[in-house]
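Offset between the sequence shown (1-based) and our numbering: plus 1139. Glycine included, C-beta positions come from ideal geometry on N, C-alpha and C.
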Amino acid sequence: MTDLESITKINIPMDIMEDAYLFMRKIGRDGLESVVLFLGKLEGKVFNVSKLYIPEQESYCTSEGLLYYVSHEELDRLGDFAYDNKLTLYIQMHTHPGKAYHSLADDENCIVTRYGGLSIVVPNFARDNIDTKFWAVYQLDRFKGWKELSSELVQSTFIME
């Protein structure tokens, strides 16, 4: 089991979450998906988010659906940033136009790749209020791949103040 797999609480400052939603709503106004990343430090079984990282990205509407793309160069910059600042990438969050769910493309193209890491899908291009009850949250399990966490677990784990 990795340290990330044993986390019981996640603290995200509300101003960081508000900035994430502002960005996702802005891109969503054009009918496009976007992604944001949360970095921080693990203290015992608590993950404290201290940085919102908005990667350079391109968003597309294709005949097969919506998608965002983050280049390998940008992923290298992200890795350097995390290393230089002694931060861990634990959570990615992206939008869907309607229902929140993890699509096959989401499963295959996640930026977060460490076991225990989280992928959050926010419905309606993040137009709703910031509330975990609207989210679909998935955790990368070493044996089962991306597994959805229960709403109860999500609501008891995330603290936004």
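Just so you know, the alpha carbons of K1225 and L1181 end up roughly 11 Å apart.
The continuous stretches of beta strand (DSSP E) do not include T1296, which lies in the alpha helix (DSSP H) extending over residues 1290-1296.
An exposed status is given to M1153, since fewer than 16 other beta-carbon atoms sit within 10 Å of its beta-carbon. Beta-bridge partners assigned by DSSP to T1227: G1179. Under DSSP, E1203 takes part in no beta bridge, so it has no partner. Under a 10 Å Cβ-count criterion, S1173 is classified as buried, with 16 or more other Cβ atoms of the shown protein chains found around its own Cβ. Distances from the CA of P1194 to each of Y1222, E1212, I1259, V1293 were compared; the closest alpha carbon is that of E1212.
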